[in-house]
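Student: Would you mind keeping the following structure in view while I ask a few things?
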Amino acid sequence: MGKEQELLQAVKSGDLQSTQKLLSRLKTNRNKLLGSTKRLNVNFQDSDGFS
Numbered sequence: 000m001g002k003e004q005e006l007l008q009a010v011k012s013g014d015l016q017s018t019q020k021l022l023s024r025l026k027t028n029r030n031k032l033l034g035s036t037k038r039l040n041v042n043f044q045d046s047d048g049f050s
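Now the structure itself:
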């Protein structure tokens with residue numbers, strides 16, 4: 000499962016701890032990811048078209 004899908008499922012299920020963990024991982028690795036194409040896309044849409 001991709002990071003975007005994990006984040007989306009954590010938010011949908013109301014799992015605050017997992018949501019914070021995924022977002023904090025993005026924040027701590029921000030400098031590392033700036034030059035990378037493997038970024039977490041917070042505008043990801045699920046199969047229903049919701050983001």
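All residue numbers for the sequence shown refer to numbering that gives the first Met the number 0, where the first residue is 0 and numbers rise by one.
Backbone N, C-alpha and C fix where the C-beta goes; we use that ideal spot for every residue, glycine too.
Computed from a predicted structure; not experimentally measured.
Suppose you measure from the CA of L22 to the CA of D47; what does that come to, to the nearest Å?
Tutor: On the sequence shown, residue 22 is found 23 positions in, with the first residue counted as 1. On the sequence shown, residue 47 is found 48 positions in, with the first residue counted as 1. So the two alpha carbons sit approximately 23 Å from each other.
Student: Taking only the alpha-carbon atoms, compute the straight-line gap between L6 and F49 and give it to the nearest angstrom.
Tutor: Residue 6 sits at position 7 when you count from the first residue of the sequence shown. Residue 49 sits at position 50 when you count from the first residue of the sequence shown. Approximately 13 Å between the Cα atoms of the pair.
Student: Which same chain residues, not among the five before or five after D45, have their C-beta less than 7 Å away from its C-beta?
Tutor: For the purposes of this step, residue 45 is identified with residue 46 of the sequence shown, where counting begins at 1. Excluding positions up to five away in sequence, the list reads L7.
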